[in-house]
Amino acid sequence: AFGWDWIIAPKRYKANYCSGQCEYMFMQKYPHTHLVQQANPRGSAGPCCTPTKMSPINMLYFNDKQQIIYGKIPGMVVDRC
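Numbering-wise (my numbering), the sequence shown opens with residue 663 and increments by one.
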């Protein structure tokens with residue numbers, strides 16, 4: 663579908679995703695974000711939901727030398743937002 667014919671397996675997987683707005687409480691952890699929001703409240707889009715935990719998937723694929731490689735690819739599945 664994406665022209666990724668170099669991937670042997672898995673043929674498909676569920677990546678999951680985060681959506682929507684997050685609470686402003688998280689800004690207490692990140693002072694920079696809080697300051698930007700306070701300085702320009704109408705100019706910023708506000709906080710959006712992002713992954714806080716991700717996990718790998720095991721993949722079988724061809725490398726650039728056409729060798730078959732089995733590897734664990736990090737950060738491929740969203741586990742928590």
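We treat Cβ as the ideally placed atom computed from N, Cα and C, and that holds for glycine.
Just so it is clear, the structure is predicted and the values come from calculations on it, not from any experiment.
Per DSSP, which one or two residues make a beta bridge with glycine 733? As a working note, residue 733 is residue 71 in the sequence shown. Glycine 733 is bridged to Met721.
Just to confirm before moving on: does the CB-CB distance between methionine 721 and isoleucine 669 stay below 9 Å? By 1-based counting over the sequence shown, the position of residue 721 is 59. By 1-based counting over the sequence shown, the position of residue 669 is 7. Closer than 9 Å, so yes.
C-alpha distance - arginine 742 paired with glutamine 683, whole-angstrom precision: Counting from 1 along the sequence shown, the entry for residue 742 is found at position 80. Counting from 1 along the sequence shown, the entry for residue 683 is found at position 21. Looking at the two C-alpha atoms, the distance is approximately 14 Å.
Contact check, isoleucine 731 vs proline 672, beta carbons under 9 Å: In the sequence shown, counting from the first residue as 1, residue 731 sits at position 69. In the sequence shown, counting from the first residue as 1, residue 672 sits at position 10. Contact: no.
Can you tell me the Cα-Cα spacing of cysteine 711 and lysine 734, whole angstroms? Counting from one through the sequence shown, the residue named residue 711 turns up at place 49. Counting from one through the sequence shown, the residue named residue 734 turns up at place 72. Roughly 26 Å separates the two Cα atoms.
How is glutamine 683 classed by DSSP in three states: helix, strand or coil? Here residue 683 is taken as the residue at index 21 of the sequence shown, counted from 1. If DSSP states are grouped into helix, strand and coil, glutamine 683 belongs with the strands.
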